[in-house]
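Under the numbering used here, residues 88 to 247 are what the sequence shown spells out, in order.
Beta carbons: idealized from backbone N, C-alpha and C, even for Gly.
Treat the numbers as computed from the prediction; the structure is a model and nothing was measured.
Single-structure report; data block below.
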Amino acid sequence: MVKVKLEHTDEADTSIKVIENVTVKEEETYDDKLLFINAIAKPMAGKKLAKKCYKLIKKAMKHKTYLRNGLKDVQTRLRKGETGICIFAGDVTPVDIMCHLPAVCEEKGIPYTYTPSRADLGAAMGVKRGTVALLVRQNEEYNDLYNEVREELAKLNVPV
Numbered sequence: 088m089v090k091v092k093l094e095h096t097d098e099a100d101t102s103i104k105v106i107e108n109v110t111v112k113e114e115e116t117y118d119d120k121l122l123f124i125n126a127i128a129k130p131m132a133g134k135k136l137a138k139k140c141y142k143l144i145k146k147a148m149k150h151k152t153y154l155r156n157g158l159k160d161v162q163t164r165l166r167k168g169e170t171g172i173c174i175f176a177g178d179v180t181p182v183d184i185m186c187h188l189p190a191v192c193e194e195k196g197i198p199y200t201y202t203p204s205r206a207d208l209g210a211a212m213g214v215k216r217g218t219v220a221l222l223v224r225q226n227e228e229y230n231d232l233y234n235e236v237r238e239e240l241a242k243l244n245v246p247v
């Protein structure tokens, strides 16, 4: 026995196209994702920096203890004194669950940035479920990319 999920499509939705009885949904662009970000999502990573962050996450996933994901894990690791680069999702609702983390990062001197979509953060990790926060620690395997992203994060204007 097989479960079948039926999707009802609105004809007004232009991102969904029907081609020979097959429904194809186009992927949202970076600018479309920026429409759904929170008011506190500053500094927002640009398109190129976001791609570099996703690439760094993919490389860090190969090493077990060098990538911390999830709000609770990142929060405890920051409080215990782990260092690295923090990457937050910009489309988190409600904002109250993670609005304190940028202040913790600034206190500890850890560079951080926001990316437009938590689904993209999850996809970069190789899982289907999105994630709210990531902490990437330094490793020799991806040291060049890590330093490059860290330098670009230092150039971003951190709001006071």
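What residues match up with Asn156 in a beta bridge as DSSP calls it?
Taking the sequence shown and counting its residues from 1, the one referred to as residue 156 is at position 69. In the DSSP output, where bridge partners are listed per residue, Asn156 has Leu221.
Just the C-alpha distance for Asp179 and Leu208, rounded to the nearest angstrom, thanks.
What you label residue 179 is simply residue 92 of the sequence shown in a count that begins at 1. What you label residue 208 is simply residue 121 of the sequence shown in a count that begins at 1. At residue 179 the sequence reads Val, which differs from the Asp that was named. Their Cα atoms are separated by approximately 12 angstroms.
Got a sec? Which residues, its chain only, sit under 6 angstroms from Leu232 by beta carbon, not counting five neighbours each side?
To locate residue 232, count along the sequence shown from 1; it is residue 145. Hits under 6 angstroms: Leu143.
What does the alpha-carbon distance come out to for the pair Thr116 and Gln162?
For the purposes of this step, residue 116 is taken as residue 29 along the sequence shown, with counting starting at 1. For the purposes of this step, residue 162 is taken as residue 75 along the sequence shown, with counting starting at 1. If I take the Cα positions, the gap works out to 30 angstroms.
Inter-residue spacing [alpha-carbon to alpha-carbon] between Ala128 and Glu227:
Working through the sequence shown from its first residue, we reach residue 128 at position 41. Working through the sequence shown from its first residue, we reach residue 227 at position 140. Each residue's Cα considered, the two are about 30 angstroms apart.
Report yes or no: do the stretch 166-175 and the stretch 193-201 share at least 3 C-beta pairs separated by less than 8 angstroms?
yes
Under the three-state DSSP convention, the category Thr202 falls into:
For the purposes of this step, residue 202 is taken as the residue at position 115 of the sequence shown. Strand at Thr202.
Of all the options Ala137, Val219 and Leu243, which has the alpha carbon lying nearest to the alpha carbon of Met185?
Translated into positions along the sequence shown, residue 185 becomes position 98. Nearest of Ala137, Val219 and Leu243 to Met185, Cα basis: Val219.
Return the Cβ separation of Gly171 and Val223 in integer angstroms, given the expectation that the two are a contact with Cβ distance under 8 angstroms.
Translated into positions along the sequence shown, residue 171 becomes position 84. Translated into positions along the sequence shown, residue 223 becomes position 136. Indeed, because the Cβ distance is near 5 angstroms, the residues count as touching under 8 angstroms.
I believe Asn125 touches Val191 by the beta-carbon criterion, under 8 angstroms. Please report the beta-carbon distance rounded to the nearest angstrom.
Taking the sequence shown and counting its residues from 1, one reaches residue 125 at position 38. Taking the sequence shown and counting its residues from 1, one reaches residue 191 at position 104. Wrong, their Cβ atoms sit about 17 angstroms apart, outside the cutoff.
In terms of alpha-carbon separation, which member of Ile197, Asn230, Ala206 and Lys135 lies closest to Ala241?
In the sequence shown, residue 241 corresponds to position 154, counting from 1. Nearest C-alpha to Ala241: Ile197.
Among Lys159, Met131 and Leu188, which residue has its Cα nearest to the Cα of Asn244?
Residue numbering aside, residue 244 sits at position 157 when the sequence shown is read from its first letter. Measuring from the Cα of Asn244, the nearest candidate turns out to be Met131.
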